[in-house]
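Engineer: The structure follows.
2 protein chains.
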Amino acid sequence: MSLRHALLGLLWTKPSSGYELVGRFEGSLGNAWHASHSQIYPELARLREEGMAEVVGEGPRNSRTWAATDAGRAELRRWLTETEPNRSIRNETGVRWFVLFLLDPDDRRAVLERELAYVDEEAARLDETRTRIDADGGSAFRPVVDLGIRMDAVMQEWLREQIDATREP
Amino acid sequence: MSLRHALLGLLWTKPSSGYELVGRFEGSLGNAWHASHSQIYPELARLREEGMAEVVGEGPRNSRTWAATDAGRAELRRWLTETEPNRSIRNETGVRWFVLFLLDPDDRRAVLERELAYVDEEAARLDETRTRIDADGGSAFRPVVDLGIRMDAVMQEWLREQIDATREP
DNA sequence: GCCATCATGTAATTAGTTACATGATTAG
DNA sequence: CTAATCATGTAACTAATTACATGATGGC
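Taken in order, these protein sequences are the chains called A and B. Note that the working numbering has the first sequence beginning at 1012, numbered continuously upward. Note that the working numbering has the second sequence beginning at 1012, numbered continuously upward.
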């Protein structure tokens, strides 16, 4: 279960409300994991029961600010250093890019072009994130942003090559 | 639900038994999707009910060979060209690489080195796959193998840089 | 003859998605 | 004053994992 560890990581860097965590998931962990509010709220409650997260403040609109406890940080460290990673991936885009090569060139090109448009947007978003981090004087996660940028560049190049290939004999 | 489309793609390229599909999933779609036999067998039965897959032969040990039907191929094509991709990803390794930067340099390096060892193995496997495909006179999926090889190269470089960074002041 | 692997299935549990439900605050 | 967004929660359903269960075949 990566959800709790993702939440502990986010709360470690910055205490947040459940609602804010939904947004932070999209913004930073978006291309590794996804979680909706209906999963986040119950999980925060479980983390509190187990002493790994706590409510450290209350704000307007009945919002509560959560933070990781020492036990939560210890659990995240233990998970990273002592447990065997689950390598199984669930990436629909990857499945699409795989089976795509069964289509005839015209259909294939249309799909590839949509994919390229998406990756272009994604790359632009990441580039903005990088600019923002650098302007703010850095972040621990700067290296992860950099990895994302490099991966996107590889995908863009590959997609352009595959689009070109649909036009060959 | 990508499972059925992944299955249709695999069956399109080569009719197989459920048991063989488990192996083919690992071998080719492994870094995009994962499925175990307990999910594959019921899904094949559903695909048959819906006319998208059929049993085209029986072999020893009560094995049955499945193939995609015309309706199955049409459905795969429709899914690729007409439906909006679900971009949400579930990749525990990605979550780990993200939260890793909360650890102190020594712990972080230990985890990064394990990750590099894994990616090295992964890259070696993919390289074998490429060699085998080229020796066999090619495959439609050769481009996807190439993408994987490039991604692995980016990850190897990034991991080496991050390992070096744990040794800096 | 027996062990490894091939081969298929179902049941129980857990994780994740979608839908339902409601209230608070703020900007216009 | 009202619509958008902030904010939290639960219920129903679907997908996925883990565990249970069994039999066939081939190599040794």
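Glycine included, every Cβ here is placed at the ideal spot set by N, Cα and C.
Decide yes or no for the touch test of the segment 1021–1035 of chain A against the segment 1057–1077 of chain A: beta carbon pairs closer than 8 Å, at least 3 of them.
Structural biologist: Because the criterion of three Cβ pairs below 8 Å is met, the segment 1021–1035 of chain A and the segment 1057–1077 of chain A touch.
Engineer: For the segment 1102–1122 of chain B, which residues have a CB atom closer than 8 Å to at least one CB atom of chain A, in sequence order?
Structural biologist: Those residues of the segment 1102–1122 of chain B that come within reach of chain A (Cβ to Cβ, closer than 8 Å) are Asn1102, Glu1103, Thr1104, Gly1105, Val1106, Arg1107, Trp1108, Phe1109, Val1110, Leu1111, Phe1112, Leu1113, Leu1114, Asp1118, Ala1121 and Val1122.
Engineer: In chain A, what lies closer than 8 Å to Gly1020 of chain B by C-beta?
Structural biologist: Correct list: Val1106, Phe1109, Val1110 and Leu1113.
Engineer: Taking buried to mean at least 16 other C-beta atoms within 10 Å of its own C-beta, is Arg1142 of chain A buried or exposed?
Structural biologist: Going by the sequence as given, residue 1142 of chain A is Thr instead of Arg. By the neighbour-count rule (16 or more Cβ atoms within 10 Å), Thr1142 of chain A is not buried but exposed.
Engineer: Say whether chain B places a C-beta atom closer than 8 Å to the C-beta of Ala1134 of chain A.
Structural biologist: No, because no Cβ of chain B sits closer than 8 Å to the Cβ of Ala1134 of chain A.
Engineer: Which residues does DSSP list as the beta-bridge partners of Thr1104 of chain A?
Structural biologist: In DSSP, Thr1104 of chain A forms no bridge with anything.
Engineer: Quick one: which residues of the segment 1074–1098 of chain B get their C-beta closer than 9 Å to a C-beta of chain A? List them in chain order.
Structural biologist: If the cut-off is 9 Å between Cβ atoms, the segment 1074–1098 of chain B has Arg1084, Leu1087, Arg1088, Trp1090, Leu1091, Thr1092, Pro1096, Asn1097 and Arg1098 near chain A.
Engineer: Which residues in chain A have a C-beta closer than 7 Å to the C-beta of Ser1013 of chain B? List them in chain order.
Structural biologist: Simply Glu1103 and Val1106.
Engineer: Taking the runs of the alpha helix (DSSP H) that are 4 residues or longer, which of them lie wholly in the segment 1099–1153 of chain B?
Structural biologist: Whole alpha helix (DSSP H) segments, 4+ residues: 1103–1110 and 1116–1146.
Engineer: Identify the continuous alpha helix (DSSP H) that holds Arg1015 of chain A and give its terminal residues.
Structural biologist: Unbroken alpha helix (DSSP H) run through Arg1015 of chain A: Leu1014 to Thr1024.
Engineer: What beta strand (DSSP E) runs, 3 residues minimum, are completely inside the segment 1046–1082 of chain A?
Structural biologist: Qualifying beta strand (DSSP E) stretches, in chain order: 1064–1069 and 1075–1079.
Engineer: Applying the criterion that 16 or more other CB atoms from any shown protein chain within 10 Å of the CB defines a buried residue, is Met1166 of chain A buried or exposed?
Structural biologist: The residue in question, Met1166 of chain A, is buried, as its Cβ has 16 or more Cβ neighbours within 10 Å.
Engineer: Ends of the alpha helix (DSSP H) at Gly1029 of chain B?
Structural biologist: That run of the alpha helix (DSSP H) goes Gly1029 to Arg1035.
Engineer: Whose C-beta lies closer than 8 Å to the C-beta of Trp1044 of chain B among residues of the same chain, with five residues either side of it excluded?
Structural biologist: Excluding positions up to five away in sequence, the list reads Ser1013, Leu1014, Ala1017 and Phe1036.
Engineer: Could you tell me the alpha carbon to alpha carbon distance between His1048 of chain A and Arg1059 of chain A, rounded to whole angstroms?
Structural biologist: Approximately 16 Å between the Cα atoms of the pair.
Engineer: Are the beta-carbon atoms belonging to Leu1040 of chain A and Val1106 of chain B less than 8 Å from one another?
Structural biologist: Yes.
Engineer: Using a beta-carbon distance below 8 Å, is Gln1173 of chain B in contact with chain A?
Structural biologist: So yes, Gln1173 of chain B belongs to the interface.
Engineer: Taking C-beta pairs closer than 9 Å, name the residues in chain B that His1045 of chain A reaches, listed in chain order.
Structural biologist: Chain B residues near His1045 of chain A: Arg1098, Ser1099, Ile1100 and Arg1101.
Engineer: Confirm the yes/no value for this check: CB of Gly1029 of chain A, any heavy atom of the ligand GDP, distance under 7 Å.
Structural biologist: The ligand GDP is absent from the structure shown, which contains no ligands of any kind.
Engineer: Classify Arg1057 of chain B: buried if its beta carbon has 16 or more other beta carbons within 10 angstroms, exposed otherwise.
Structural biologist: Classification for Arg1057 of chain B: exposed.
Engineer: Contact between the segment 1167–1178 of chain B and the segment 1147–1167 of chain A is defined here as three or more beta-carbon pairs at a separation below 8 Å; is this criterion met?
Structural biologist: Contact holds: three or more Cβ-Cβ distances are below 8 Å.
Engineer: Give a yes or no on whether 8 Å exceeds the smallest Cβ distance from Phe1152 of chain B to chain A.
Structural biologist: Chain A contact via Cβ: present.
Engineer: Residues of chain B with CB under 7 Å from Leu1040 of chain A, in chain order?
Structural biologist: Here the neighbours are Val1106 and Phe1109.
Engineer: Throw me the rounded Cβ distance for the Leu1127 of chain A and Ala1064 of chain A pair, which I believe falls under 8 Å.
Structural biologist: No, Leu1127 of chain A and Ala1064 of chain A are not in contact; Cβ-Cβ is about 40 Å, not under 8 Å.
Engineer: According to DSSP, simplified to helix, strand and coil, what is Trp1090 of chain B?
Structural biologist: It is helical.
Engineer: Note down the Cα distance separating Arg1098 of chain B from Asn1042 of chain A, rounded to an integer number of angstroms.
Structural biologist: Between Arg1098 of chain B and Asn1042 of chain A, the C-alpha separation is close to 8 Å.
Engineer: In chain A, which residues lie less than 9 Å from Met1063 of chain B when you measure between Cβ atoms?
Structural biologist: Chain A residues near Met1063 of chain B: none, gap ~14 Å exceeds 9 Å.
Engineer: Might you give, ordered along the chain, the residues of its own chain that have their beta carbon closer than 8 Å to the beta carbon of Glu1069 of chain B, omitting 5 neighbours on each side?
Structural biologist: Around Glu1069 of chain B: Arg1075 and Thr1076.
Engineer: Can you pull the chain B residues whose beta carbon is under 8 Å from the beta carbon of Leu1158 of chain A, in chain order?
Structural biologist: Neighbours of Leu1158 of chain A on chain B, chain order: Trp1108, Val1165, Met1166 and Trp1169.
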